[in-house]
Amino acid sequence: MSSSVIIKSFQNGISVILDHDMDFSRLLEEVGMKFRESGPFFKDAKMALSFEGRSLSTEEEKQLIRTITENCGLHIVCLVGKDEETNQTFLKAIEKVNHKEKSSGQFYRGNLTRGETLEMDSSIVIIGDVNPGAEVIAKKDIVIIGGLYGEAYAGADGESGHFIAALEMSPENLKIGDLTYKNDTKQSKWSIRPKMQPKIACEKGGKVVIEPVTKELLNMLPNSR
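First residue of the sequence shown? That's 26 in the numbering used here, and the numbers climb one at a time after it.
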């Protein structure tokens, strides 16, 4: 067994400890081998995932996630980091989606690119990015394990009380029920990218607001019957 990739479990998830010095392309091969060997153990499991041991770019994280999912039946529902409180509140948003559905809801793995539209009759958890020019529409809630840079529409049947959550929230357009989010903040195209912070869009006082994900905010959201 190679010690360049070590898998450890934690509550509701697994941590993948990666060799700090190994060439990344070789490391991907080691990760694929390790998860192929562990495939029967993870079959159809839904877990949070954490990477440790080396600094990773966003693209490297995506390659690792793709390698893992291609080599075993593990369903990655969230990529977590060192901020445990933020991790737990975002996981709670996913659990709230699952609680609202009689089944486990719908999962979509992959990035939505310009011109693509994903439409669901239920809630949806997207493991990937919604890029500019792409659109996701759901009759209930939307959770994006990635960035929302395109358009999102929750409560598409006009029903109120739904929400949209994303690890990185920078939408072109956002709507919940009959309410459209109005962004009064202008962002420079060349500004330094801020630290990623999970955010949630929901209805407050007759309008759509976007706020950081907190336990208190999630507790205020209504549950469907």
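Ideal Cβ positions, reconstructed from N, Cα and C, are used throughout, including at glycine. Predicted model, so just to flag it, every value in this text is computed and none were measured.
- With contacts defined as CB atoms closer than 9 angstroms, residue 158 and residue 197 qualify as a contacting pair.
- Within its own chain, the residues whose Cβ lies closer than 7 angstroms to the Cβ of residue 178, once the five positions on either side in sequence are excluded, are 162, 200, listed in chain order.
- With contacts defined by Cβ atoms closer than 9 angstroms, residue 154 and residue 174 form a contacting pair.
- The bridge partners DSSP lists for residue 227 are 234.
- In the structure shown, the three-state DSSP call for residue 91 is helix.
- Spatial neighbours of residue 144 in its own chain (CB-CB distance under 7 angstroms, excluding positions within 5 residues in sequence) are listed in chain order as 162.
- In this chain, the alpha helix (DSSP H) harbouring residue 61 covers 49 to 62.
- Here residue 166 is buried, its C-beta having at least 16 other C-beta atoms within 10 Å.
- Runs of the beta strand (DSSP E) spanning 3 or more residues and lying entirely within the region 146 to 216 occur at 149 to 152, 160 to 163, 167 to 173, 176 to 179, 189 to 194, 198 to 201, in chain order.
- By the neighbour-count criterion, in which 16 or more other beta carbons inside 10 Å mark a residue as buried, residue 188 falls on the buried side.
- Excluding its 5 nearest sequence neighbours in each direction, residue 184 has C-beta neighbours in its own chain below 7 angstroms: 202, listed in chain order.
- Straight across, the Cα-Cα distance linking residue 223 with residue 176 is about 17 angstroms.
- The closest CA to that of residue 181, considering only 34, 98, 205, is found on 205.
- Judged by their CB atoms, residue 73 and residue 42 are not nearer to each other than the 9 angstroms cut-off.
- Rounded to whole angstroms, the separation of the alpha carbons of residue 136 and residue 172 is 9 angstroms.
- Relative to residue 64, the option among 28, 149, 99 whose CA is nearest is 99.
- When DSSP states are grouped into helix, strand and coil, residue 144 belongs to the strand group.
- Distances from the CA of residue 190 to each of 146, 229, 147, 235 were compared; the closest alpha carbon is that of 235.
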